[in-house]
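4 protein chains.
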Amino acid sequence: MAEDRPLRADARRNRALLLQVAKTAFASDGLSVPLDEIARRAGVGPGTLYRHFPTKEALFEAVVHERLRQLVDDARALRSADDAGAALLGFIDRLVAEAAAKRDLVDALAGADIDITTTVAATAADLRSEIGHLLVRAQRCNTIRSDIGIADLMAIVSGILSAVQPRFNDRADPERVLAVLHDGLQATPRDRGGRDQRE
Amino acid sequence: MAEDRPLRADARRNRALLLQVAKTAFASDGLSVPLDEIARRAGVGPGTLYRHFPTKEALFEAVVHERLRQLVDDARALRSADDAGAALLGFIDRLVAEAAAKRDLVDALAGADIDITTTVAATAADLRSEIGHLLVRAQRCNTIRSDIGIADLMAIVSGILSAVQPRFNDRADPERVLAVLHDGLQATPRDRGGRDQRE
Amino acid sequence: MAEDRPLRADARRNRALLLQVAKTAFASDGLSVPLDEIARRAGVGPGTLYRHFPTKEALFEAVVHERLRQLVDDARALRSADDAGAALLGFIDRLVAEAAAKRDLVDALAGADIDITTTVAATAADLRSEIGHLLVRAQRCNTIRSDIGIADLMAIVSGILSAVQPRFNDRADPERVLAVLHDGLQATPRDRGGRDQRE
Amino acid sequence: MAEDRPLRADARRNRALLLQVAKTAFASDGLSVPLDEIARRAGVGPGTLYRHFPTKEALFEAVVHERLRQLVDDARALRSADDAGAALLGFIDRLVAEAAAKRDLVDALAGADIDITTTVAATAADLRSEIGHLLVRAQRCNTIRSDIGIADLMAIVSGILSAVQPRFNDRADPERVLAVLHDGLQATPRDRGGRDQRE
DNA sequence: GATGAATGAGCATTCATTCAT
DNA sequence: AATGAATGAATGCTCATTCAT
C-alpha cells in the first residue's frame with residue numbers, strides 16, 4: 001500500500017503552502033504570474049517549488065485538481081438529498097456565490113491555455129458525473145427541464161460563473177443572474193404545456 | 200502637431216491587413232501569440248506593425264474596438280425594429296451562434312489580462328447602451344422579464360458566449376443553451392403571475 | 399534560386415562575429431560556456447545571438463560545420479596532387495600542427511555530447527570521403543599500408559589530434575608523435591615483407 | 598583534528614557503492630550527470646553523497662583516482678616482466694581493448710573540464726612513471742623506438758584510447774588501429790637503418 | 001551517520017520594443 | 001514608410017550545495 005511516500009512534515013507544509021499561494025496568485029493575476037513570484041510569496045526558493053511541482057503546468061493542474069476534488073466531494077454529499085432539484089440548484093447557487101466573491105473557480109472550470117491532463121480530466125469527469133446524477137434525478141421529479149443534458153448544464157453554469165466574476169463584472173447582481181438561470185432551468189413552462197405559453 | 204493625416208494608401212492597407220491578421224491570430228491562439236508572428240503572417244516587418252500600433256495592448260485594443268464597433272452598428276440597426284423582444288433575442292442568438300463557431304468574440308468581451316482603456320471602454324459603453332435600449336423596449340412590451348438590468352443581461356450573455364465557445368465546449372448544444380436562456384429571460388412566468396407558478 | 403536571403407550587411411557582420419567568438423569560446427572553455435557570455439564577448443545582446451542561432455546546439459553545429467567545410471575544401475584541393483602519399487601525410491601534419499596550437503578542431507571532430515545533425519553529418523561525410531580518396535590513392539602507390547580503411551584512419555587521426563591538444567598535453571612533442579604516426583601508417587614493413595621483420 | 602577514523606562499516610560500504618555507481622554513471626552519461634541521479638542510483642540521499650565527497654569535483658577525482666591506481670598496480674606488476682617490449686605493448690593493448698568496450702577510461706585520462714588536483718596528479722604521475730619504466734626498458738632492448746619519450750607515448754596512447762571509444766567510433770577496427778600503433782612504435786625502421794627504408 | 005527537503009545562482013530561451021538601414 | 005536586425009529584461013527550469021529532521 002505504499003502511500004506515495006508520507007512526505008516529511010515540513011515538506012507537506014510547504015506543499016500545502018505553495019498550493020495555497022498558487023491558487024491565490026493564479027486567481028488574482030492569471031496564469032501569467034511567474035513561478036518565481038509564487039515561490040517568493042510562499043517564502044521558498046524556486047527550486048522548492050520545482051521539487052513539488054516539476055512544471056508550471058503541473059502546479060496549475062494541482063491547483064485545479066484540488067479545487068475540483070472539493071467540488072466533487074460537495075456534490076457527492078448531495079446524492080442522498082431528499083429534493084434533488086433543490087439540491088442541484090442549491091449547489092449551483094453556492095458555486096455562483098463563491099465565483100462572485102473570489103476568482104479561481106472559473107479558471108478551474110474553463111481551463112485557460114494549458115492542457116489539462118488525464119489526472120485532472122478524470123476528476124473533472126467525476127464532477128460532471130456527480131452533477132449529472134443530480135440533474136437526472138431533478139429531471140425525473142420534474143423540477144428541471146428535461147430537454148437539456150449534463151453537457152449543456154455544465155456549459156451554462158461555467159458560463160454563468162465567469163459572468164459573475166468580480167473581474168469582468170462591476171454591476172451585475174448575482175441574485176438576479178441566478179433568478180434568470182433558475183427560471184431558464186425549471187421544468188414548468190415547456191414540460192407542462194410546451195411553448196404555447198408565449199401566446 | 201500630428202494632424203491625423205489621411206494615411207497613404209499602402210499604409211491604410213497595411214493597417215487593415217494587420218487588424219485582420221491580428222483578429223484571426225488572437226482568436227485562434229489567444230493573446231500569447233507573438234507580435235512577430237502577426238507581422239509575419241501579414242507579410243510585413245515588426246517595425247511596420249509597431250508604426251501602426253505602438254504596443255501590443257494597442258493592437259489588441261484596436262481589434263476589440265473594431266469588433267465592438269461592428270456590434271454597436273448591428274445593435275443600432277435594431278433600434279427601429281417592430282418587435283423589440285424578437286430583436287433582442289435575435290441579436291443574442293446571432294452572437295451565440297458566432298461565438299459557437301469562432302473564438303474571438305469572447306476574448307473581445309471578456310478582455311483577458313489586458314486593461315481595456317478609455318477608448319474601447321467608450322465603445323463598449325455604446326454597445327451596452329444600445330443593447331440596453333433593446334432591453335428596455337422589450338421589457339416595456341412585456342417580452343423580457345423586468346427585474347433585470349442591462350448589467351445583468353450583459354453578464355449573462357457574455358457568460359453564455361464563453362460557454363458555447365468551441366474551445367471549452369465539446370458537447371453542449373448551442374440551441375439548447377439558448378432555449379434555457381430564452382426561457383430564463385422571458386417575461387411570462389413571473390410577470391404574469393409571480394412566483395406562484397411552481398405550486 | 400532564392401539565395402537563402404542575402405542578409406543585411408550588419409547582420410552578416412554580426413553572424414560572422416558571433417561564429418568567430420563562439421569558435422574561440424568553445425575552443426577555450428568547452429561547450430559549457432554560457433551563451434550570454436558569447437553574446438557579451440561579441441558585444442551583442444543574447445537576443446541577437448538567438449536570431450542567428452536559435453539554439454545552443456545550432457550555434458555549436460554552425461561552428462563545427464564551418465570548420466569542417468574548410469577542411470573539406472583543403473582536402474579537395476589535394477585531389478590532384480602528384481604524390482598522394484605526401485598529400486595525405488602533409489594534410490594530416492597540418493591538422494596536427496593546428497590542433498597542437500589551438501583547440502577547436504578536436505571538438506569539431508570528436509563531437510562532445512551534442513548530437514550532430516544531418517547537415518553537419520553530411521559535411522563530415524564529405525571530409526571522410528575526401529580523405530578516403532587520398533588514402534586509397536596513397537595505398538595504390540604503395541605509400542600507405544593497405545590493411546587499414548578510412549574509418550581506421552579517421553579514428554587514429556582524430557585520436558592523435560586530441561593527443562596533441564595543448565589542454566591535455568604539456569610535454570609531448572608533436573613532431574615525434576607525427577613520426578610515430580608516419581611510421582605506423584607507411585606501407586613498407588608489412589607490404590614488403592609481412593610481419594617477419596620482428597624476428 | 599579529524600583523525601581519519603576508519604569509518605563505520607556501512608559508511609565504507611556506501612562510499613564504495615557510490616564510487617562504483619559514479620564510475621558507471623560518468624562513463625555512460627559523461628560529467629553532466631546530476632549528483633542527485635548518482636545518489637538515486639546508489640540508493641542513498643544526496644546528503645550522504647555529499648558527506649563522502651564534498652564536491653562534484655571531489656567525486657570525479659575519486660573515481661579517476663581509483664581507476665588510475667588500478668592502472669598503476671597493473672603497470673607495476675609488469676616491472677619484472679622478461680620481455681619489456683611485449684609487456685608494454687600488451688599493457689597498451691589491454692587499455693585499448695577496454696576503452697573500445699566501455700567508456701570511462703578516456704574521461705579518466707583526458708580529464709574533461711574539471712581540473713585534476715594534486716592528489717590525482719600524483720597518482721597520474723605514478724602511472725606515467727611506471728609506464729616510463731616499461732618504455733625505457735623496452736627501448737633499451739631495442740623493441741621500442743628510442744626517439745620518443747614518456748610524454749609522447751602517453752599522449753599517443755590516450756589519443757588512441759579516445760579514438761577507439763564506442764561513442765565516437767562506429768567502424769574503426771581496434772585491431773587495425775593497434776597494428777598501426779605497434780608499427781609506429783617499434784624500434785626497427787629507424788633504429789636499424791634510419792629512414793632509408795623508403796628507398 | 002543518513003536522509004531528503006530547501007536553497008538560489010545560473011542557464012537557455014522568448015519576445016515586446018527600439019532603431020539603423 | 002517600411003524593413004528587419006538588435007536589444008535586454010524576464011521566465012521556466014536545473015542542479016550543486018546546505019541543513020533541518
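Residue numbers (the numbering used here), protein chains in the order written: chain G, 1 to 199; chain H, 200 to 398; chain Z, 399 to 597; chain L, 598 to 796.
A virtual CB, placed ideally from N, CA and C, is assigned to each residue, including glycine.
All of these numbers come straight from a predicted model, not from anything done at the bench.
By the rule that beta-carbons nearer than 8 Å mark a contact, G:S146 does not touch chain H. Contact annotation: in the region 82-95 of chain G, no residue has its CB less than 7 Å from a CB in chain H. C-alpha of Z:Y448 to C-alpha of G:A27: approximately 34 Å in a straight line.
At least 8 Å separates the beta-carbon of Z:A522 from that of Z:P572. Within chain G, the residues whose beta carbon sits less than 8 Å from that of H:V363 are A155, G159, listed in sequence order. Flagged as an interface residue toward chain H: G:G184, by a C-beta distance shorter than 8 Å. The three-state reading of DSSP puts L:Q762 in coil, since its state is none of H, G, I, E or B.
For G:A97, the enclosing alpha helix (DSSP H) has its first and last residue at 84-101. For Z:A420, not one C-beta of chain L is nearer than 8 Å to its own C-beta.
Around G:R76, the same chain offers E130 as residues with beta carbons nearer than 7 Å, after the five sequence neighbours per side are excluded. Counting only the Cα atoms, H:I359 lies some 11 Å from H:A371.
The residues E459, V462, A522, in chain order, have a CB closer than 8 Å to that of Z:I514 in the same chain once the five nearest residues on each side in sequence are set aside.
With respect to chain Z, the C-beta atom of L:R725 has no partner C-beta closer than 8 Å. Here DSSP, grouped into helix, strand and coil, assigns Z:I554 to helix.
A distance below 6 Å between beta-carbons, with the five flanking residues on each side excluded, links L:R612 to the following residues of its chain, in chain order: H649. For Z:L469, no CB of chain L lies under 8 Å from its own CB, so it is not counted at the interface with that chain. In the DSSP secondary-structure assignment, Z:Q537 is not bridged to any residue.
Rounded to whole angstroms, the separation of the alpha carbons of H:R293 and H:V319 is 22 Å. Under the three-state reduction of DSSP output, L:I745 falls in the coil class, being neither helix nor strand. Sequence-distant partners of H:L216 (beyond 5 residues in either direction) whose C-beta falls short of 6 Å from its own C-beta, in its chain, are A241. In terms of Cα proximity to G:G184, the closest of H:I343, H:R366, H:L334, H:I237 is H:I343. For L:F657, the uninterrupted alpha helix (DSSP H) segment begins and ends at 653-674. Under DSSP, L:Q783 shares a beta bridge with L:I741. DSSP, read as helix, strand or coil, puts Z:T515 in coil.
For G:F53, no alpha helix (DSSP H) encloses it, and the DSSP letter there is neither H nor E.
Counting of Cβ neighbours within 10 angstroms places Z:D550 among the buried residues, the total reaching 16 or more. One finds A151 in chain G with Cβ atoms closer than 7 Å to the Cβ of H:R370, taken in chain order.
Judged by their CB atoms, G:L88 and G:A138 are nearer to each other than the 8 Å cut-off. Distance from G:V164 to G:V96 at the Cβ level is roughly 6 Å; contact confirmed, criterion being Cβ atoms closer than 8 Å. Contact check for G:L78 against G:L35 fails: the beta carbons are separated by 8 Å or more. Here G:L178 has D93, V96 as same chain residues with Cβ atoms under 7 Å from its own Cβ, once five neighbours each way along the sequence are excluded. Residue burial annotation: H:G244 is exposed, with fewer than 16 other C-beta atoms found within 10 angstroms of its C-beta. The C-beta of H:R336 comes no closer than 8 Å to any C-beta of chain G.
No Cβ of chain Z is located within less than 8 Å of the beta carbon of L:A697. Contact between G:A86 and G:L59 does not hold, since their C-beta atoms are separated by about 37 Å, which reaches or exceeds 8 Å.
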